[in-house]
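Engineer:
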DNA sequence: CCTCGCTTTTGGAACGATCCAAATGTACCC
DNA sequence: GGGTACATTTGGATCGTTCCAAAAGCGAGG
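Residue numbers (full-length UniProt numbering), protein chains in the order written: chain Z, 1 to 349; chain R, 1 to 349.
1) Specify the secondary structure class of residue 240/R as computed by DSSP and reduced to three states.
2) Could you compute how far the alpha carbon of residue 154/Z sits from the alpha carbon of residue 280/R?
3) What is the DSSP secondary structure of residue 327/R, counted as helix, strand or coil?
4) Okay, do the stretch 287-300 of chain R and the stretch 261-270 of chain R touch, 3+ Cβ pairs below 8 angstroms being the bar?
5) Is there a Cβ from chain R that is less than 9 angstroms from the Cβ of residue 274/Z?
6) Since residue 72/R contacts residue 125/R with CB under 8 angstroms, what's their CB separation in whole angstroms?
7) Keeping to the same chain, check which residues put their C-beta closer than 7 angstroms to that of residue 140/R; ignore five residues upstream and five downstream.
8) Counting only beta-carbon atoms, is residue 236/Z nearer than 9 angstroms to chain R?
9) Where does residue 1/Z fall in DSSP's three states?
10) Quick check: is the beta carbon of residue 56/Z nearer than 9 angstroms to any beta carbon in chain R?
11) Determine, using beta carbons only, whether residue 357/Z comes closer than 9 angstroms to chain R.
12) Find the residues of chain R that neighbour residue 91/Z, judging by a C-beta separation of less than 8 angstroms, and give them in chain order.
13) In this structure, how does DSSP classify residue 263/R when only helix, strand and coil are distinguished?
14) Please list the partners that residue 291/Z has in chain R, where partner means a Cβ-to-Cβ separation under 7 angstroms.
15) Of all the beta strand (DSSP E) runs that stay within the bounds of the UniProt domain "HTH lacI-type" (11-65) of chain R, which reach a length of 3 or more residues?
16) Give me the DSSP bridge partner(s) of residue 170/R.
17) Any contact of the stretch 64-82 of chain R with the stretch 98-107 of chain R, i.e. 3+ C-beta pairs under 8 angstroms?
18) Locate the beta strand (DSSP E) running through residue 74/R, then write down its first and last residues.
19) Residue 81/Z versus chain R: which residues are under 7 angstroms apart at the beta carbon?
20) CA-CA distance, residue 237/Z and residue 242/R?
21) Under 8 angstroms: do the stretch 77-84 of chain R and the stretch 33-40 of chain R share three or more Cβ pairs, one atom per stretch?
22) Would you tell me roughly how many angstroms separate the C-alpha atoms of residue 1/R and residue 19/R, rounded to the nearest one?
23) Do you know offhand how far residue 174/Z's Cα is from residue 148/Z's?
24) Taking Cβ-Cβ distances below 7 angstroms as the criterion, which residues of the stretch 56-70 of chain R are in contact with chain Z?
25) Would you say residue 306/Z and residue 293/Z are within 9 angstroms of each other, going by their C-beta atoms?
26) For chain R, is any of its Cβ atoms less than 9 angstroms away from the one on residue 122/Z?
27) Which residues bound the alpha helix (DSSP H) around residue 187/Z?
28) Determine whether the beta carbon atoms of residue 86/Z and residue 331/Z lie at a separation below 9 angstroms.
29) How about residue 347/Z and residue 208/Z: do their beta carbons lie closer than 9 angstroms?
30) How big is the Cα-Cα spacing for residue 349/R and residue 191/R?
31) Could you name the residues that DSSP lists as bridge partners for residue 230/Z?
32) Is it buried or exposed for residue 52/Z, if we count other Cβ within 10 angstroms and need 16 for buried?
33) Which ranges does the beta strand (DSSP E) cover as unbroken runs of at least 3 residues, wholly within the stretch 244-307 of chain R, from first to last along the chain?
34) Any C-beta of chain Z within less than 8 angstroms: which residues of the stretch 294-327 of chain R qualify?
35) From residue 128/R to residue 325/R, what does the alpha carbon distance come to, in whole angstroms?
36) In whole angstroms, what is the alpha-carbon distance linking residue 102/Z and residue 304/R?
This is how it looks when you write it as structure tokens:
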């Protein structure tokens, strides 16, 4: 039979060519399924590919063709189930399309974000999906990735000079409408003193959610001046800690619209510690619909954002842009919907 | 001033060389921080790199050097917080080491697993971290990745001919010991009729956890024959549905060691539906210590597996292997520790 | 036998980096 | 001035693929 596959070294297209007495060019045509090659030749080559256990070197091909077959996915917090679902959705679509996902997790650090972006850029991705770390600066990101590469900003706006990056596409959640829905729901339940609890004013999503909250309060003629707004780090721990802020004023609120589910769950714990029963003595809503929201005690009324769908959508948006960079940049606002559970009770008698 | 950077095309090392009148070789040396170059030259070149906005093409370098700077991370379920944390840990270490993570999510489908592995292989990763889908076959995986590439099997054993893949490294949790600890804890609480609830016998981790459970029961002299073992899909939904299986026999158990946290949380719901209060009328334990375990009602006694640390460890193991393939394959068993919370009460009077 | 048209195959130059052996420059000493 | 040692720079081949223009093969028709 023919020669044996090379040892140690990877099998290349030249090995195959040599193995069945055709030129490299012909083997290349076979690999790409070109109709030019004679079917006998094709069969012989394919047999040899199998025999030697050839694996395609896409990096070499990409180099020659000046193309890329990867998309970078840079997330501020992979460990957060919301982003994990999102990543799964992205990878699902990219995988189906023959792209590979280059993952980067920044752990909410802007410095690491720049480092990660720089490192990923060296691998020449066709595009980037970026959920920026809190406080990310437009200019610095731009100088890390250059102005050539398609970038889809997900979930958060960056700060700084937005004109510099107005060629980026954007995919955001409808934060404002979501918070408005939640607030309107609590108002409909009969609450009049409703707080907005948690999140950082530094983050665009927090500002948007606050805006939705304020909008609903004003429409209902509830004095915005008296509204309590408490800032906290958007995790469970700080949400527990800041609970007392809610009850400092003379007339304490009877309900709270929370920045997200983690904060809401933390607040539940804090309420318990004050002897209040969430869902009975105090109403609250979350945002995200993380898995825990359905099983907390009481189950949490929240806004479903279907992160996996958003991931699929993000992948599709960036692929579109990669395939055709010419259309003007697009901002997409994904709808969210209110999921009423038991935590948003009417005010306690 | 010098020439302007090229338009449309990416800046290459040759552009830099031309831009400051040195050879490509010199620029290459500068890029790699070689001590050979004169510091004047270095300064000039570095200035030019900045001026033209050069980005290193690692794919080209890897091609020439026959090296790789990526590691493939293939997970059976990215959306699961356990694996999301794990992935974050992996990416953290890889990022620090200059490697990039090629992500692949298989959604627990063996077919997709093979497709994903094939696609990732074309990008020539230096190694693979694989948490196999349930029912993955050793031979088929081997033929997808070849026998040259370092592979670290995480979390689960594969089925089929293990001799074929005895060169793989392995990182598993100490499932057996974990389940034994949980069972012993319930026994110490005074329970004698304890069930093992959930999981599939098809999965190696389930078999190991059952073994730990059985071991503890036997050591305590509790009749293993009477032991109830219920199989179910390891998610919340099916765990709710199979709850009644526990109470079919004449003497129902008063406690259950659950396959994992998701199952335990599902079982809690199921118990509620039967009018039983988990943590009061019925004791149960989980496995994994997912975020929800701490905030469920009651908080769940479970086994902490610190998935982020496991991710870091996995990354370190595969990097070691990539750097030196010669040492014999290694199997690592990561410790787990019991976290006692309120769900594992003594038997109800 | 030659020419034409069609299918099929092919050599060699890319892609953007690195490697290597050899060339060049510079300083110092006899 | 020539030789030696050392520091610095360099051309050209190479990695594994694709592109391109041109060559080869082949049957039919005159």
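Glycine included, C-beta positions come from ideal geometry on N, C-alpha and C.
Here the structure is a predicted model, which means the values were calculated and not measured.
Structural biologist: Taking the definition as stated:
1) Assigned with DSSP and collapsed to three states, residue 240/R falls in helix.
2) Each residue's CA atom was taken as its position, placing residue 154/Z and residue 280/R some 45 angstroms apart.
3) Assigned with DSSP and collapsed to three states, residue 327/R falls in coil, not helix or strand.
4) They touch, by the three-pair rule.
5) Cβ-Cβ to chain R under 9 angstroms: no for residue 274/Z.
6) Their Cβ separation, rounded to whole angstroms, is 4 angstroms, which keeps residue 72/R and residue 125/R in contact under 8 angstroms.
7) Same-chain partners within the cutoff: 114.
8) At a cut-off of 9 angstroms, the C-beta of residue 236/Z has a neighbouring C-beta in chain R.
9) Note on residue 1/Z: pLDDT 47, under 50, position unreliable in the model; no value is reported.
10) With respect to chain R, the C-beta atom of residue 56/Z has a partner C-beta closer than 9 angstroms.
11) Outside the displayed range of chain Z (1 to 349) lies residue 357/Z, so it cannot be described from this structure.
12) Under the 8 angstroms cutoff, chain R gives 78, 103, 104 and 105.
13) Helix at residue 263/R.
14) What residue 291/Z touches in chain R: 292.
15) Taking only runs of at least 3 residues, no beta strand (DSSP E) segment lies wholly in the UniProt domain "HTH lacI-type" (11-65) of chain R.
16) Under DSSP, residue 170/R shares a beta bridge with 153/R and 331/R.
17) Yes: at least three Cβ pairs fall under 8 angstroms.
18) Annotation: the continuous beta strand (DSSP E) that includes residue 74/R extends over 70-75.
19) Those within 7 angstroms of residue 81/Z in chain R are 81 and 84.
20) Rounded to whole angstroms, the gap between the alpha carbons of residue 237/Z and residue 242/R is 34 angstroms.
21) Flag = no, the stretch 77-84 of chain R and the stretch 33-40 of chain R do not touch.
22) With a pLDDT of only 47 at residue 1/R, under the threshold of 50, the placement of this residue in the model should not be trusted, and no figure is reported.
23) Rounded to whole angstroms, the separation of the alpha carbons of residue 148/Z and residue 174/Z is 28 angstroms.
24) Within the stretch 56-70 of chain R, 56, 57, 58, 59, 60, 62 and 63 place their CB atoms closer than 7 angstroms to a CB of chain Z, listed in sequence order.
25) The Cβ-Cβ distance between residue 306/Z and residue 293/Z does not fall below 9 angstroms.
26) Yes, residue 122/Z counts as interfacial toward chain R.
27) Where residue 187/Z is concerned, the enclosing alpha helix (DSSP H) stretches over 175-188.
28) Taking 9 angstroms as the cut-off, the Cβ atoms of residue 86/Z and residue 331/Z do not count as close.
29) Pairing residue 347/Z with residue 208/Z gives a Cβ-Cβ distance that is not under 9 angstroms.
30) Roughly 11 angstroms between the two C-alpha positions.
31) Looking at the DSSP assignment, residue 230/Z forms a beta bridge with 197/Z.
32) Residue 52/Z is buried by the Cβ-count criterion.
33) Every unbroken stretch of the beta strand (DSSP E) spanning 3 or more residues and falling wholly within the stretch 244-307 of chain R is given here in chain order: 255-258, 283-285 and 302-304.
34) The stretch 294-327 of chain R vs chain Z, Cβ under 8 angstroms: 295, 296, 297 and 308.
35) If I take the Cα positions, the gap works out to 13 angstroms.
36) One C-alpha to the other measures close to 29 angstroms.
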